[in-house]
Amino acid sequence: MAKAMVAANWKMNGSFELLQAFAKETWQTAQAEVVFGLPSIFLHAAQKLGLENLAGEDVSAHESGAFTGETSAQMLKSTGCKYCIIGHSERRLYHHEKEALLLEKWQQLKKVGIKPIYCVGETEAEFSAGKTEEVLTRQLMPMLEAELVDAQTVLAYEPVWAIGTGKTATPEYAQKIHRIIREKMLNKYVNIPTQMRILYGGSVQAANAKLLISEPDIDGFLVGGASLKVDAFKKIIEAIE
Ligand code: PGA
Numbered sequence: 011m012a013k014a015m016v017a018a019n020w021k022m023n024g025s026f027e028l029l030q031a032f033a034k035e036t037w038q039t040a041q042a043e044v045v046f047g048l049p050s051i052f053l054h055a056a057q058k059l060g061l062e063n064l065a066g067e068d069v070s071a072h073e074s075g076a077f078t079g080e081t082s083a084q085m086l087k088s089t090g091c092k093y094c095i096i097g098h099s100e101r102r103l104y105h106h107e108k109e110a111l112l113l114e115k116w117q118q119l120k121k122v123g124i125k126p127i128y129c130v131g132e133t134e135a136e137f138s139a140g141k142t143e144e145v146l147t148r149q150l151m152p153m154l155e156a157e158l159v160d161a162q163t164v165l166a167y168e169p170v171w172a173i174g175t176g177k178t179a180t181p182e183y184a185q186k187i188h189r190i191i192r193e194k195m196l197n198k199y200v201n202i203p204t205q206m207r208i209l210y211g212g213s214v215q216a217a218n219a220k221l222l223i224s225e226p227d228i229d230g231f232l233v234g235g236a237s238l239k240v241d242a243f244k245k246i247i248e249a250i251e
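If you want it as structure tokens, here you go:
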């Protein structure tokens, strides 16, 4: 199995001062690869300050051109990004991003060698209606059919009802869904899914990180709120031994 990953997702938060505070610390550990998903405006400064494993929070589906406000994969690459989050539920919800568009974004990343952190997960209504598996199939199948998935792909399972709500999925529930996701991959590929990292996201804190990471199919975390404080984020990383 690959090394665990703890990925920060600052969303539209943070400041240059916060970036400096993070850059003073040592983040990478023997147990976990630590990734910083930052607003694109901070990426260049983060690279200069020496933060490693930078990630975009989104990317344009286009290579270049008249797309005001967007950031291309090549631009992310030039600021040292190794990863890029795509398909986050906030992009799906507020920007109506669907699989067809996400597939194009993924292809842009692939062209420049940035690894995607592809987010999937059901809303509260879908969860209550027992539609979780159906939703995951809808979100994952186009990527599998386009043969975009490889061992470097990182998936993040984030039940929308757990994001920023303080309602974390139980370790048992998260494990069950991670297993389902890995099995969907196994139906298509032989070896890749065992090496691939599937992160859990949704109100991850130091207090719940240890139990979640002890589940066999949880390979790390995508962390929003708790990634904005040096101490809180450090404690989550320390939970991975
Ligand atoms: P949260 O966000 O940790 O604040 O719930 C996670 C995410 O949206 O990636």
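Here the numbering used here = 1-based position in the sequence shown + 10. We put the beta carbon where it would ideally sit given N, CA and C, even for glycine.
Handout entry: For G66, three-class secondary structure by DSSP
Key = strand
Exercise for the section: Under the assumption that V130 contacts L165 (Cβ atoms under 8 Å), give the Cβ distance between them as a whole number of angstroms. Expected result: 6 Å
Handout entry: Cβ pair count under 8 Å reaching 3, the stretch 151–161 against the stretch 189–206
Key = yes
Exercise for the section: Would you mind sorting E107 into buried or exposed? The rule is 16 or more other CB atoms within 10 Å of its CB. Expected result: buried
Practice task
With a 10 Å radius around its C-beta and 16 neighbouring C-beta atoms as the bar for buried, classify N19 as buried or exposed.
Solution key: buried
Exercise for the section: Have a look at Q118 and P49 and give me their C-alpha separation to the nearest angstrom. Expected result: 19 Å
Exercise for the section: Determine the contact status of S70 and T78, defining contact as a CB-CB distance below 8 Å. Expected result: no
Problem - Coil, strand or helix - M15 by DSSP - result: strand
Problem - N-terminal and C-terminal residue of the alpha helix (DSSP H) that Y183 is part of - result: P181 to L196
Practice task
Run the CB neighbour count on S99, radius 10 Å, all protein chains shown included, and call it buried at 16 or more, exposed below.
Solution key: buried
Practice task
Can you grab the Cα-Cα spacing for the pair D68 / E251, in whole Å?
Solution key: 30 Å
Exercise for the section: Measure from the alpha carbon of A12 to the alpha carbon of each residue in Q41, F46 and E35, then state which is nearest. Expected result: Q41
Handout entry: Local conformation of G235 per DSSP, three classes
Key = helix
Problem - Status (buried if at least 16 other CB within 10 Å, exposed otherwise) for Q149 - result: buried
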